[in-house]
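Visitor: As they're listed, the protein sequences go chains D and S. Residue 252 in this note's numbering sits at position 252 of the first sequence, with consecutive numbering throughout. Residue 165 in this note's numbering sits at position 165 of the second sequence, with consecutive numbering throughout.
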Amino acid sequence: MKKSIKAGIFCAVLLVAPRLLTPIGIDFRSFDHEGYTRVVFESERSFAYKVRSLPDRLEVSLDGRADLPAPTLAVPNSQLLERVTCEHRGDESVLTVHFKGAAAVKQSFILEKPFRVVFDLVRSEKSPEPPPQTPVAEEKSQPREEPPPAPRPRSIETICIDPGHGGEDFGAIGRSKLKEKDITLKIGLRLKKLIESKTGLRVIMTRDKDSEVSLNTRASIANNQRAQMFVSIHVNSSFRKSAFGSETYFVSLQATDPEALELAQKENQNAEDPGEAIQNDELKMILWNMAQTEHIRESSKLAEYIQNELNALLGTRDRGVKQAPFRVLMRAAMPAVLIEAVFISNASEEKKLQREDFLDKIALAIYNGINKFIYHYNSTLK
Amino acid sequence: MKKKTRTLLVVAVALLLLALAAFLLLRKQPAGFEPGLLNRGEEHGDGIAEFIRVKLFFLSETSRYLQPVYREIEVPEIREELYRKFISLLLAGDEAHITPVPGGVQLRSLHFLGGGGMLLLDFSESLAGSFPGGTTAELEFIYFIVDNVCYNFREIKKVKFLIGGNESKSLAGHIDLERPFFPDFSWLGDQ
Chain D
1 MKKSIKAGIF
11 CAVLLVAPRL
21 LTPIGIDFRS
31 FDHEGYTRVV
41 FESERSFAYK
51 VRSLPDRLEV
61 SLDGRADLPA
71 PTLAVPNSQL
81 LERVTCEHRG
91 DESVLTVHFK
101 GAAAVKQSFI
111 LEKPFRVVFD
121 LVRSEKSPEP
131 PPQTPVAEEK
141 SQPREEPPPA
151 PRPRSIETIC
161 IDPGHGGEDF
171 GAIGRSKLKE
181 KDITLKIGLR
191 LKKLIESKTG
201 LRVIMTRDKD
211 SEVSLNTRAS
221 IANNQRAQMF
231 VSIHVNSSFR
241 KSAFGSETYF
251 VSLQATDPEA
261 LELAQKENQN
271 AEDPGEAIQN
281 DELKMILWNM
291 AQTEHIRESS
301 KLAEYIQNEL
311 NALLGTRDRG
321 VKQAPFRVLM
331 RAAMPAVLIE
341 AVFISNASEE
351 KKLQREDFLD
361 KIALAIYNGI
371 NKFIYHYNST
381 LK
Chain S
1 MKKKTRTLLV
11 VAVALLLLAL
21 AAFLLLRKQP
31 AGFEPGLLNR
41 GEEHGDGIAE
51 FIRVKLFFLS
61 ETSRYLQPVY
71 REIEVPEIRE
81 ELYRKFISLL
91 LAGDEAHITP
101 VPGGVQLRSL
111 HFLGGGGMLL
121 LDFSESLAGS
131 FPGGTTAELE
141 FIYFIVDNVC
151 YNFREIKKVK
161 FLIGGNESKS
171 LAGHIDLERP
181 FFPDFSWLGD
191 Q
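(1) DSSP three-state label for residue 83(D), please.
(2) Which value, in whole angstroms, describes the spacing of the CA atoms of residue 66(S) and residue 98(S)?
(3) Cβ of residue 295(D) less than 8 Å from any chain S Cβ?
(4) Please confirm whether residue 164(S) and residue 138(S) have their CB atoms less than 8 Å apart.
(5) For chain S, is any of its Cβ atoms less than 8 Å away from the one on residue 377(D)?
(6) Using a beta-carbon distance below 8 Å, is residue 194(D) in contact with chain S?
(7) Can a CB atom of chain D be found closer than 8 Å to the CB of residue 174(S)?
(8) Only counting the same chain, and skipping five residues up and downstream in sequence, which positions put a Cβ closer than 6 Å to that of residue 349(D)?
(9) Could you compute how far the alpha carbon of residue 168(D) sits from the alpha carbon of residue 212(D)?
(10) Examine chain D for any beta-carbon lying closer than 8 Å to the beta-carbon of residue 31(S), and answer yes or no.
(11) Pull up the distance between the alpha-carbon of residue 140(D) and that of residue 50(D), whole angstroms please.
(12) With DSSP as the reference, please indicate the residues paired to residue 205(D) in a beta bridge.
(13) Would you identify the three-state DSSP class for residue 167(S), choosing helix, strand or coil?
(14) For a contact defined as C-beta to C-beta under 7 Å, what are the partners of residue 180(D) on chain S?
(15) Skipping 5 residues on each side, what residues in its chain have a beta carbon closer than 7 Å to that of residue 2(S)?
(16) Less than 7 Å separating the Cβ of residue 142(S) from some heavy atom of the ligand NAP?
(17) Within 8 Å (strictly less), CB to CB, does residue 188(S) reach chain D?
(18) Between which two residues does the alpha helix (DSSP H) carrying residue 129(S) extend?
(19) Would you mind telling me which residues of chain D sit closer than 9 Å to residue 68(S), beta carbon to beta carbon, in chain order?
(20) Any beta carbon from chain D within less than 8 Å of residue 121(S)'s own beta carbon?
(21) Just the Cα atoms here: how many angstroms apart are residue 223(D) and residue 336(D)?
(22) Have a look at 57(D), 121(D) and 178(D) and flag the residue whose alpha-carbon is nearest the alpha-carbon of residue 96(D).
(23) For residue 90(S), collect the residues of the same chain with a Cβ closer than 8 Å to its Cβ; drop the 5 residues on either side in sequence, then sort them by chain order.
(24) State yes or no: is the beta carbon of residue 162(D) nearer than 8 Å to at least one beta carbon in chain S?
(25) Measuring only the C-alpha atoms, how far is residue 107(D) from residue 52(S)?
(26) Look at residue 78(S) and residue 327(D) and say whether their C-beta atoms are less than 8 Å apart.
(27) Can you pull the chain S neighbours of residue 173(D), defined as C-beta to C-beta under 8 Å?
(28) Give the secondary structure of residue 229(D) by DSSP, where H, G and I count as helix, E and B as strand, and everything else as coil.
(29) State the DSSP-derived secondary structure class of residue 236(D), mapped to helix, strand or coil.
(30) Should the region 301-318 of chain D be regarded as contacting the region 201-220 of chain D, the criterion being three or more beta carbon pairs within less than 8 Å?
(31) How is residue 101(S) classed by DSSP in three states: helix, strand or coil?
(32) Enumerate in chain order the residues of its own chain whose CB-to-CB distance from residue 72(D) is below 8 Å, with the five nearest sequence positions on each side excluded.
(33) At 8 Å on the CB atoms, spell out the chain C contacts of residue 330(D), in chain order.
(34) Please state the DSSP three-state secondary structure of residue 174(S).
(35) Quick check on residue 146(D) - is its C-beta less than 8 Å from some C-beta in chain S?
(36) Curious, which full-length beta strand (DSSP E) runs of at least 3 residues does the region 292-373 of chain D contain?
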């Protein structure tokens, strides 16, 4: 019995020892954001470190001899960083981030899976204060701070309406040859009129005539015009001819690797391209596409308000609020939803879509939902 | 120990074993399905052909969930050939159900990337060309394929679609088709 315990301990030591003895590997990357530069040190395992913040540089010292990147890393095109040097000083490994001029640490925090130490640096105008010594971190560090909040949003002033399909892209077609692209444009123009006349808010359209606009361009129009809400209008179609009812979608991240998403969500604090320095191509693509991530909660709320109004006004089946990885929504950097008003593939609902008063009702329901969301959204800013 | 106590103990143990056996026999089959090698072989050329039983799921007008149908597939030597046969069965459809794939669509090629458990499926261009449109229709097609393959072959974790040999942004203007899809077994209900 004793022999087997000893053997077990021996095996455990054999399994754990190489991991403890192997030098810890550190990777460095940085992103420029509006008003600050984010610096990230990443490793497969957590590590203990000390921070020394000087006016012209930031020193991060690790106990032990880490497996460091090249002695000097250039940081091309950075607004704040000049270079990063990596060296062993006695029993310590020191990574030094050299600034262009003076800078200071605005905040720092730790993220897990993988372990990352993150610093947000800002340009320092004043003469620097004495360098603080920041002893940190046990071997099993826990997050001490939440990632920084997104920039505080403004009250809603501009809404982007996106009538689905158009031009050569007919969308779904009903039995009577009714085309989705025509219906979505009619509803979109009605909605624009309602919003402008009743609220005075600015409305932009991704298309206001029968023209083809790519999915990426639709989101770009909204982003470039600094819209604070994106509403994509569609009518639905199913292989099941009996399917009917209305549903409202916001974006789902289900179609991507859950672990990559967790990482992307934590690091994607800005809609600009933060993926440049990340080597993993798949993750880079995800990060680029995830402008929508930080707006998901609001998108869900907007979908809920609109779906409630569709239920109240259309008298059709409530198919609920759902999530799916919509290409047009992923790139929108604002609360964004896609409405599937009713089914053009259902004979009865297709007939309804041919009635002008029914289209008015759809537009009014969407308007009511938007209006309730604006009230909710603006009240959260106070 | 008294004889009465011993008898009670034996009865208690027997009841416990009976309850355990009932639990094991009556519990629900866990999500997922191992296509079992059928206990039969058929003389086939110079050897004995082996078959597996697979559970296919099709759309139905009467249910919001995909409905199960059983089929048998002769097991080829190459694993990817088995996947190809399986996809062919899906595309062939079932008379009593709806197949959410436009008519005439064919599988051009497939490739299994074992490391990440990703199955690459390359469909003919007619998939996009004749797709009827609609978010629901797109989701019906995607999860019809993804859920079926991932349910029947545990080693397949995700599916990536190609059309005409190329990546496609979307089937009909809604769902992002450039990234792989993980299964969503909520389409199968409690089956």
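By construction, the Cβ of each residue, glycine as well, lies at the ideal position given by its N, Cα and C atoms.
Guide: Quick answer:
(1) Within the first sequence, residue 83(D) is the residue found at index 83, counting from 1. Of the three classes helix, strand and coil, the one that applies to residue 83(D) here is strand, per DSSP.
(2) In the second sequence, the residue the question calls residue 66(S) occupies position 66. In the second sequence, the residue the question calls residue 98(S) occupies position 98. Spanning the two alpha carbons is a distance of roughly 9 Å.
(3) Start at 1 with the first residue of the first sequence, and residue 295(D) comes out as number 295. No, no contact with chain S.
(4) By 1-based counting over the second sequence, the position of residue 164(S) is 164. By 1-based counting over the second sequence, the position of residue 138(S) is 138. Against a cut-off of 8 Å, the Cβ pair of residue 138(S) and residue 164(S) comes out as no contact.
(5) Residue 377(D) sits at position 377 when you count from the first residue of the first sequence. Answer no: the Cβ-Cβ gap between residue 377(D) and chain S never drops below 8 Å.
(6) Stepping through the first sequence from its first residue, residue 194(D) is reached at position 194. Chain S contact via Cβ: absent.
(7) Indexing the second sequence from 1 puts residue 174(S) at position 174. By this cut-off, residue 174(S) is an interface position.
(8) Indexing the first sequence from 1 puts residue 349(D) at position 349. Excluding five sequence positions before and after residue 349(D), the CB atoms of its chain that fall closer than 6 Å to its own CB belong to 244, 342 and 343, given in chain order.
(9) As a first step, residue 168(D) is located in the first sequence; it is residue number 168 there, counting from the start. As a first step, residue 212(D) is located in the first sequence; it is residue number 212 there, counting from the start. The C-alpha of residue 168(D) lies about 6 Å from the C-alpha of residue 212(D).
(10) Against the second sequence, residue 31(S) aligns to sequence position 31. Only weak support is given to the placement of residue 31(S): the predicted model assigns it a pLDDT of 39, under 50, and the value that follows is read from those uncertain coordinates. Closer than 8 Å: no.
(11) Within the first sequence, residue 140(D) is the residue found at index 140, counting from 1. Within the first sequence, residue 50(D) is the residue found at index 50, counting from 1. Since pLDDT at residue 140(D) reaches only 37, below the 50 mark, its modelled position is unreliable, and the value read off the structure follows with that caveat. In this structure, the alpha-carbon of residue 140(D) lies about 15 Å from that of residue 50(D).
(12) Working through the first sequence from its first residue, we reach residue 205(D) at position 205. Partner(s): 161(D).
(13) Reading the second sequence from its first residue, position 167 is the one you call residue 167(S). Residue 167(S) falls in the coil class under three-state DSSP.
(14) Along the first sequence, one-based indexing puts residue 180(D) at 180. Near residue 180(D) (Cβ distances below 7 Å), the residues of chain S are 133.
(15) Translated into positions along the second sequence, residue 2(S) becomes position 2. Nothing listed; no residue qualifies.
(16) Although the ligand NAP was asked about, the structure shown includes no ligands whatsoever.
(17) Position 188 of the second sequence holds residue 188(S). Using a Cβ-Cβ cut-off of 8 Å, residue 188(S) does not count as an interface residue toward chain D, since no Cβ of chain D sits closer than that to its own.
(18) Along the second sequence, one-based indexing puts residue 129(S) at 129. For residue 129(S), the uninterrupted alpha helix (DSSP H) run begins and ends at 126-129, by DSSP.
(19) Translated into positions along the second sequence, residue 68(S) becomes position 68. When 9 Å is used as the limit between beta carbons, residue 68(S) is near no residue of chain D, the shortest such separation being about 17 Å.
(20) Stepping through the second sequence from its first residue, residue 121(S) is reached at position 121. Residue 121(S) does not count as touching chain D.
(21) In the first sequence, counting from the first residue as 1, residue 223(D) sits at position 223. In the first sequence, counting from the first residue as 1, residue 336(D) sits at position 336. Within the model, the alpha-carbon separation for residue 223(D) versus residue 336(D) is close to 11 Å.
(22) Counting from one through the first sequence, the residue named residue 96(D) turns up at place 96. Residue 96(D) has its Cα closest to that of 57(D), out of 57(D), 121(D) and 178(D).
(23) Taking the second sequence and counting its residues from 1, one reaches residue 90(S) at position 90. Residues 56, 99, 101, 144, 145 and 148 of the same chain have their beta carbon placed closer than 8 Å to that of residue 90(S), with the five preceding and five following residues left out of the count.
(24) Within the first sequence, residue 162(D) is the residue found at index 162, counting from 1. Residue 162(D) does not count as touching chain S.
(25) As a first step, residue 107(D) is located in the first sequence; it is residue number 107 there, counting from the start. As a first step, residue 52(S) is located in the second sequence; it is residue number 52 there, counting from the start. Near 59 Å, if we compare the C-alpha coordinates of residue 52(S) and residue 107(D).
(26) Mapped onto the second sequence, residue 78(S) falls at position 78. Mapped onto the first sequence, residue 327(D) falls at position 327. Their beta carbons are not under 8 Å apart, which means residue 78(S) does not touch residue 327(D) by this criterion.
(27) One-based indexing of the first sequence puts residue 173(D) at position 173. Those are 132 and 133, listed as they occur along chain S.
(28) One-based indexing of the first sequence puts residue 229(D) at position 229. Residue state for residue 229(D) is assigned as coil, using DSSP reduced to three classes.
(29) Counting from 1 along the first sequence, the entry for residue 236(D) is found at position 236. The answer is strand: DSSP assigns residue 236(D) an E or B state.
(30) Contact between the region 301-318 of chain D and the region 201-220 of chain D is absent: fewer than 3 CB-CB pairs across the two stretches fall below 8 Å.
(31) By one-based count along the second sequence, residue 101(S) stands at place 101. Here residue 101(S) sits in coil by DSSP.
(32) As a position in the first sequence, residue 72(D) is number 72, starting the count at 1. Contacts found: 83, 84, 85 and 86.
(33) Judged by its chain identifiers, the structure shown contains no chain C, and its protein chains are D and S.
(34) Residue mapping note: residue 174(S) aligns to position 174 of the second sequence, counting from 1. DSSP places residue 174(S) in the coil class of the three-state scheme, outside both helix and strand.
(35) On the first sequence, residue 146(D) is found 146 positions in, with the first residue counted as 1. In this prediction, residue 146(D) scores a pLDDT of 40, lower than 50, which makes its location untrustworthy; no coordinate-derived value is stated.
(36) The region 292-373 of chain D contains, as complete beta strand (DSSP E) runs of 3+ residues, the segments 318-324 and 336-343 (chain order).
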